[in-house]
Amino acid sequence: MDGKARKNIKIGIEVEIVQKQHQRNGELTEGIVKRILTNSPTHPHGIKVQLETGEVGRVKNLLL
0 MDGKARKNIK IGIEVEIVQK QHQRNGELTE GIVKRILTNS PTHPHGIKVQ LETGEVGRVK
60 NLLL
């Protein structure tokens, strides 16, 4: 499953996100979803979330 569909992402699951400042090099940050920030059902670059650590980025992978 990829992070482009909001229905795949639930609060409390582990994901890999790319933060805005890391979009060029593609560095991923792993963490647990605290809040889902994107309201639309899909987004071509990934659903924007906030992790429990406070970091914000777009979901690239779901770690199930």
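Numbering-wise (numbering that gives the first Met the number 0), the sequence shown opens with residue 0 and increments by one. Ideal Cβ positions, reconstructed from N, Cα and C, are used throughout, including at glycine.
Burial state of residue i, where buried means 16 or more other Cβ atoms lie within 10 Å
i          : result
residue 50 : buried
residue 10 : exposed
residue 53 : exposed
residue 57 : buried
Residue i (DSSP reduced to helix, strand or coil)
i          : result
residue 20 : helix
residue 7  : helix
residue 61 : strand
For residue j and residue i, believed in contact at Cβ under 8 angstroms, the rounded distance
i          : j          : result
residue 18 : residue 55 : 7 angstroms
residue 3  : residue 35 : Actually they do not touch by this definition, with Cβ atoms about 13 angstroms apart.
With a floor of 3 residues, list each beta strand (DSSP E) that falls wholly inside the region 21-49, ordered by position along the chain. Restricted to the region 21-49, the beta strand (DSSP E) segments that are unbroken, complete and at least 3 residues in length are 27-35, listed in chain order.
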